[in-house]
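Single-structure report; data block below.
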Amino acid sequence: MESDEELVRRTLAGGNHHYGVLIQRYADYLFGLGMRLTVGNRELAEDISQQSFLKSYTYLKSFDARKTYKHWLTGIAVNCFKDIRLKEQRYAPLDEANEASYLPRLEENSDFFNLIQPLDDNEKIMFTLKYVYDYRNQEIADVLGLKTGTVKSKISRALEKLK
Amino acid sequence: MNSIESIIEQEKGVSYTQRNKQLFSFYTLTLIAQEQASTRLKKRAEISLVLIIAFLLLFLAPISSLIEGFVASLSTIGIIDIFKLGVLNYGLVFIFYKFLKKRSIF
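Chains A and B, in that order, are what the protein sequence lines are. Those letters in the first sequence? Residues 1 to 163, per our numbering, in order. Those letters in the second sequence? Residues 164 to 269, per our numbering, in order.
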């Protein structure tokens, strides 16, 4: 099986079909991440994963091979999620600005979705990456472009909120 | 209510799958191709616009004197000169085409 980095290299050399392999490899991963961040909204999760692949392709030349493709893609997906939330807030009335306008569909694991519901977007992202995907604080900091200390304190604040 | 740890453990066991991965991949690649085509078209349009403007600036102002000069020179022009001009023109067009092709503009 070809590594992600090899597929990126081949895609950049002009083989778009190699990018198709990357899409198939990470489609479920990004969809799952999207489902968790949007607390179970399938349509938004699909949107996030598609936008992430499109952006990843656009900026593929800037991919730093010292990072893993998966982490890089995760960073893009997280930014897509934030963009969607920002757009919602821009067009929502001020008193509803911090509420998600989409209705969560809790048909999957509703316990988890109910658990993270009170967290704000950044806390949701960090909590999910840390506890569901087993990312280390340093990796989360890299993905979000924050300091490790900030990530650590925000995660403990999120845990406090949940307890 | 379940504890946080057990909810997380339960969530880790859940796997979310796209409805149709093949179709999703195909559709995403189509969108990428569409995006590339639109970028290429935009590039072509920009270059065409620049060329048209350059052409107009270069030739429109002195066009009457050029035409007069050209008409005057027609009386003395020979078949060899016409052939040379033709070769020169086609050569320039070919070089320009190759240049654009190399930069994936055409």
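C-beta atoms are modelled at their ideal positions from N, C-alpha and C, and glycine is treated no differently.
From the options, residue whose alpha carbon lies closest to that of residue i
| i | options | result |
| --- | --- | --- |
| isoleucine 125(A) | Lys147(A), Lys82(A), Ser110(A) | Lys82(A) |
| aspartate 165(A) | Glu5(A), Glu88(A), Glu46(A) | Coverage of chain A is limited to positions 1 through 163, which leaves residue 165(A) absent and any answer about it impossible. |
| leucine 37(A) | Thr11(A), Met1(A), Leu12(A), Lys130(A) | Lys130(A) |
| glutamine 50(A) | Val39(A), Gly32(A), Ser62(A), Lys61(A) | Gly32(A) |
| isoleucine 167(B) | Ser153(A), Asp142(A), Phe113(A), Asp120(A) | Phe113(A) |
| valine 8(A) | Lys61(A), Asn41(A), Cys80(A) | Lys61(A) |
| glycine 20(A) | Gly34(A), Gln138(A), Glu2(A) | Glu2(A) |
| tyrosine 59(A) | Glu43(A), Thr11(A), Glu88(A), Asp142(A) | Thr11(A) |
| lysine 264(B) | Gln199(B), Gly254(B), Arg207(B) | Arg207(B) |
| isoleucine 195(B) | Lys70(A), Tyr29(A), Leu30(A), Tyr57(A) | Tyr57(A) |
| leucine 192(B) | Thr74(A), Tyr29(A), Glu43(A), His18(A) | His18(A) |
| isoleucine 171(B) | Gly14(A), Thr74(A), Ser110(A) | Ser110(A) |
| glutamate 43(A) | Gly249(B), Gly176(B), Gln181(B), Arg203(B) | Gln181(B) |
Residue i (DSSP reduced to helix, strand or coil)
| i | result |
| --- | --- |
| glutamate 174(B) | helix |
| tyrosine 179(B) | coil |
| alanine 188(A) | Residue 188(A) lies beyond the stretch modelled for chain A, which goes from 1 to 163, so this question has no answer here. |
| glutamine 51(A) | helix |
| leucine 119(A) | coil |
| methionine 164(B) | Confidence at methionine 164(B) is low in this model, with a pLDDT of 48, below 50, so the placement of that residue is unreliable and no value is reported for it. |
| threonine 150(A) | helix |
| alanine 65(A) | coil |
| lysine 87(A) | helix |
| lysine 82(A) | helix |
| lysine 124(A) | helix |
| lysine 70(A) | helix |
| asparagine 114(A) | helix |
| serine 156(A) | helix |
| serine 169(B) | helix |
| tyrosine 133(A) | coil |
| glutamate 2(A) | coil |
| glycine 75(A) | helix |
Host alpha helix (DSSP H) of residue i (start-end)
| i | result |
| --- | --- |
| glutamine 138(A) | 137–144 |
| arginine 25(A) | 16–37 |
| glutamine 197(B) | 184–222 |
| serine 231(B) | A small correction: the amino acid at residue 231(B) is glutamate; serine does not occupy that position in the sequence shown. Segment 226–237, the alpha helix (DSSP H) holding glutamate 231(B). |
| tyrosine 59(A) | First-last for tyrosine 59(A): undefined, no H or E at that position. |
| leucine 244(B) | In the sequence on display, residue 244(B) carries aspartate and not leucine. Unbroken alpha helix (DSSP H) run through aspartate 244(B): 242–265. |
Euclidean distance between Cα positions of residue i and residue j
| i | j | result |
| --- | --- | --- |
| lysine 67(A) | arginine 25(A) | 17 Å |
| asparagine 122(A) | glutamate 174(B) | 19 Å |
| lysine 205(B) | lysine 147(A) | 40 Å |
| leucine 221(B) | lysine 261(B) | 23 Å |
| threonine 150(A) | glutamine 138(A) | 10 Å |
| isoleucine 242(B) | alanine 217(B) | 30 Å |
| lysine 55(A) | isoleucine 76(A) | 7 Å |
| leucine 86(A) | serine 169(B) | 32 Å |
| serine 227(B) | arginine 266(B) | 36 Å |
| asparagine 16(A) | isoleucine 23(A) | 11 Å |
| serine 201(B) | serine 238(B) | 49 Å |
| isoleucine 210(B) | glycine 254(B) | 20 Å |
| serine 52(A) | serine 153(A) | 28 Å |
| glycine 232(B) | glutamate 198(B) | 48 Å |
| valine 132(A) | serine 178(B) | 11 Å |
| methionine 164(B) | leucine 119(A) | In this prediction, methionine 164(B) has a pLDDT of 48, which is less than 50 and means its spatial position is unreliable; what the coordinates show is noted afterwards. Going by the C-alpha atoms only, they are around 18 Å apart. |
| alanine 235(B) | leucine 229(B) | 10 Å |
| tyrosine 135(A) | isoleucine 258(B) | 55 Å |
| isoleucine 240(B) | leucine 219(B) | 26 Å |
| histidine 71(A) | alanine 45(A) | 18 Å |
| cysteine 80(A) | leucine 212(B) | 35 Å |
| glutamate 88(A) | alanine 13(A) | 38 Å |
| asparagine 183(B) | leucine 223(B) | 58 Å |
| leucine 251(B) | leucine 214(B) | 19 Å |
Residue i: contacting residues in chain C (beta-carbon distance under 9 Å)
| i | result |
| --- | --- |
| glutamine 117(A) | No chain C appears in the structure shown, which is made up of the protein chains A and B. |
C-beta contact flag for residue i and residue j at 8 Å
| i | j | result |
| --- | --- | --- |
| leucine 115(A) | leucine 162(A) | yes |
| phenylalanine 189(B) | alanine 27(A) | no |
| leucine 144(A) | valine 78(A) | yes |
| isoleucine 155(A) | phenylalanine 127(A) | yes |
| leucine 30(A) | isoleucine 48(A) | yes |
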